[in-house]
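The structure appears below as structure tokens.
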Amino acid sequence: MAIASIRPAAVAGQFYPADERVLRTQLGEMLTAAVPLETMVSPKAVIVPHAGYVYSGAVAATAYAGLAALRDQIERVVLLGPNHRLAVDGFALPAAQAFATPLGTVTVDRPSWLALQQRGDVVVDDRPHAYEHCLEVQLPFLQTVFDHFTLLPLLVGDASTEAVAEVLESLWGGPETLIVISSDLSHYHPYHQAQWKDRATIEHILGLHADLSHDQACGATPVNGLIQCARRHHLQAHLLDLRNSGDTAGDRNRVVGYASIAFCDPVPHASQHH
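If you count the sequence shown from 1, you need to add 2 to reach the numbering used here.
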């Protein structure tokens with residue numbers, strides 16, 4: 003594979019350790035310590051935060067620890083997040099055919115990459131991806147909990163909820179496909195105000211209301227699209243963890259909210275077995 007077609011790690015050494023051994027150790031500790039609020043059964047999709055690991059890694063780990071049971075099942079990860087650095091009209095796929103981290107490279111799912119380009123609102127552009135952290139910080143977790151998987155990395159810019167839902171439906175696949183939405187919650191409110199705001203946001207998500215604003219979640223656009231699909235597929239949302247940077251590694255004057263949420267098939271009630 004030509005070097006030009008690999009997107010190098012942009013935020014290793016900032017958002018997470020650049021040293022492979024240090025990174026593996028930190029991931030192992032976070033995943034071992036993770037105790038989800040709810041047990042989840044074979045999640046189809048998760049929402050996870052994307053700050054530096056010292057801030058949100060423990061929250062993300064509650065979702066990824068629960069996904070470890072799917073190690074032999076997941077072959078493709080569809081990863082969506084908001085663009086933070088460069089405006090995107092619609093959706094941006096990378097031109098790069100692999101993403102590198104200190105743990106190795108992940109190959110882009112080429113059939114999906116080609117198929118998505120049939121849409122008029124999808125551009126192929128490495129520039130929005132070059133320094134974007136929201137997708138990259140998920141990769142070491144994914145590389146740790148899954149053995150072999152391909153990646154469909156998509157940045158979501160100015161797009162409608164319906165457009166995101168259409169894209170997700172086209173990539174939905176079967177039990178071999180996991181959908182990961184990268185999003186933080188509220189930004190830079192005082193601690194208790196953030197707690198109140200984020201709990202209200204979580205109630206919307208758990209109720210499958212696809213009406214989040216970007217004040218509530220920076221990844222509101224992809225989250226709303228996922229919620230719309232979850233309703234169609236009769237998935238249930240489960241809160242796994244909800245904290246903010248004031249709980250993890252920051253001061254409490256200006257905090258950022260983080261949650262991990264899993265979307266699963268409904269658990270059959272015991273009465274149905276009798």
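Just so you know, even glycine gets a beta-carbon here, dropped at the ideal spot from N, CA and C.
Cβ-Cβ distance between residue i and residue j below 8 angstroms
i, j, result
"Val48", "Ala65", "yes"
"Asp128", "Arg9", "yes"
"Pro224", "Pro84", "yes"
"Leu187", "Leu81", "no"
"Ala98", "Val90", "no"
"His234", "Leu210", "It is Arg, not His, that sits at residue 234 in the sequence shown. Cβ atoms of Arg234 and Leu210: not closer than 8 angstroms."
"Thr163", "Gly68", "no"
"His135", "His52", "yes"
"Phe93", "Leu156", "yes"
"Arg78", "Glu178", "yes"
"Val50", "Ala62", "yes"
"Ala261", "Leu241", "yes"
"Tyr57", "Ser247", "yes"
"Thr146", "Leu33", "yes"
"Asp249", "Leu39", "no"
"Gln28", "Gly54", "no"
"Phe148", "Ile76", "yes"
"Ala202", "Leu214", "no"
Between the CA atoms of residue j and residue i - distance to the nearest angstrom
i, j, result
"Pro104", "Gln140", "13 angstroms"
"Asp328", "Ala196", "The question about residue 328 has no answer, for the chain in this structure spans 3 to 276."
"Tyr193", "Cys231", "32 angstroms"
"Val125", "Ala60", "33 angstroms"
"Arg245", "Ile207", "16 angstroms"
"Leu95", "Pro142", "20 angstroms"
"Pro277", "Thr152", "For residue 277 there is no data in the structure shown, the boundaries of the chain being 3 and 276."
"Ile263", "Ile181", "12 angstroms"
"Ala212", "His189", "20 angstroms"
"Val37", "Leu173", "30 angstroms"
"Cys220", "Ala117", "27 angstroms"
"Ser7", "Asp253", "40 angstroms"
"Ala12", "Gly106", "14 angstroms"
"Asp200", "Leu137", "22 angstroms"
"Tyr133", "Pro270", "44 angstroms"
"His150", "Val108", "9 angstroms"
"Gly30", "Ser185", "22 angstroms"
"Glu22", "Leu144", "15 angstroms"
"Gln274", "Gly176", "Summary for Gln274: the model assigns pLDDT 48, below 50, so the residue's position carries little reliability; its value from the coordinates is reported in the next sentence. Looking at the two C-alpha atoms, the distance is approximately 25 angstroms."
"Phe265", "Pro45", "5 angstroms"
"Val24", "Ala14", "11 angstroms"
"Gly122", "Leu88", "19 angstroms"
Limits of the unbroken alpha helix (DSSP H) element including residue i
i, result
"His86", "Careful: His86 lies outside any alpha helix (DSSP H) and carries neither H nor E."
"Ala67", "60 to 69"
"Val43", "Element bounds for Val43: n/a, residue is neither H nor E."
"Ala165", "163 to 173"
"Ala102", "Run containing Ala102: none in the alpha helix (DSSP H); it sits in the beta strand (DSSP E), 100 to 103."
"Ala2", "The requested residue 2 does not occur in the structure, where the chain is confined to residues 3 to 276."
As assigned by DSSP and simplified to three states, the class of residue i
i, result
"Arg26", "helix"
"Arg121", "coil"
"Leu82", "strand"
"Asn180", "The sequence as given places Leu at residue 180; Asn does not occur at that position. If DSSP states are grouped into helix, strand and coil, Leu180 belongs with the strands."
"Gln202", "Here the sequence assigns Ala to residue 202, which means Gln is not the residue at that position. Note: Ala202 maps to helix in three-state DSSP."
"Phe265", "strand"
"Ile76", "coil"
"Phe143", "helix"
"Ala47", "strand"
"Val110", "strand"
"Gly15", "coil"
"His191", "strand"
"Ala20", "coil"
"Pro10", "coil"
Where the beta strand (DSSP E) through residue i begins and ends
i, result
"Val139", "Counting along the chain, Val139 falls outside any beta strand (DSSP E), and DSSP gives it neither H nor E."
"Val158", "152 to 158"
"Leu95", "93 to 95"
"His211", "His211 -> no beta strand (DSSP E), and no H or E assigned at all."
is_contact[residue i, chain C] using C-beta, thresh 8 angstroms
i, result
"Ala98", "Given the protein chain composition of this structure (a single chain), no chain C is represented."
Item to check | Contained beta strand (DSSP E) runs [length at least 3] in the segment 215 to 263, N- to C-terminal order | outcome: Listed in chain order, the complete beta strand (DSSP E) runs (minimum 3 residues) inside the segment 215 to 263 are 238 to 246.
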